[in-house]
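To start, the structure under review is shown below, and the notes come after it.
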Amino acid sequence: MKFLHQVSMYESEATSFLKDLKKAKPHLDQEQVAGRSLLWDKAPLDLDQQERFAEARIAQQAYVYQNKG
1 MKFLHQVSMY ESEATSFLKD LKKAKPHLDQ EQVAGRSLLW DKAPLDLDQQ ERFAEARIAQ
61 QAYVYQNKG
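For the sequence shown, counting from 1, position 52 maps to 52 in the numbering used here; every step adds exactly one.
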């Protein structure tokens with residue numbers, strides 16, 4: 001039983017670093033969410049844009065590195 005208690009008390013350096021960082025900067029979670037929304041959360045495309053994008057798509061050849069000639 002003593003071994004199980006010791007294992008549960010272990011905390012890696014990475015975990016302790018993240019805990020200390022979150023204590024020092026409590027607003028960090030909100031900044032991460034805001035940064036993610038800038039890069040990844042996009043407004044949905046309307047049907048006209050989807051149709052134009054589909055028409056503008058160029059078909060890729062079966063083997064990309066083969067010359068056509």
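The beta-carbon is built from N, C-alpha and C at its ideal position, and this holds for glycine as well.
Where VAL33 sits in the DSSP three-state scheme
helix
Helix, strand or coil, according to DSSP, for ARG57 in the structure here?
coil
Run through DSSP, which three-state label would ALA14 get?
helix
In whole angstroms, give me the CA-to-CA distance for PHE53 and ASP46.
11 Å
Rounded straight-line distance, which links the Cα of LYS42 to that of ALA56:
20 Å
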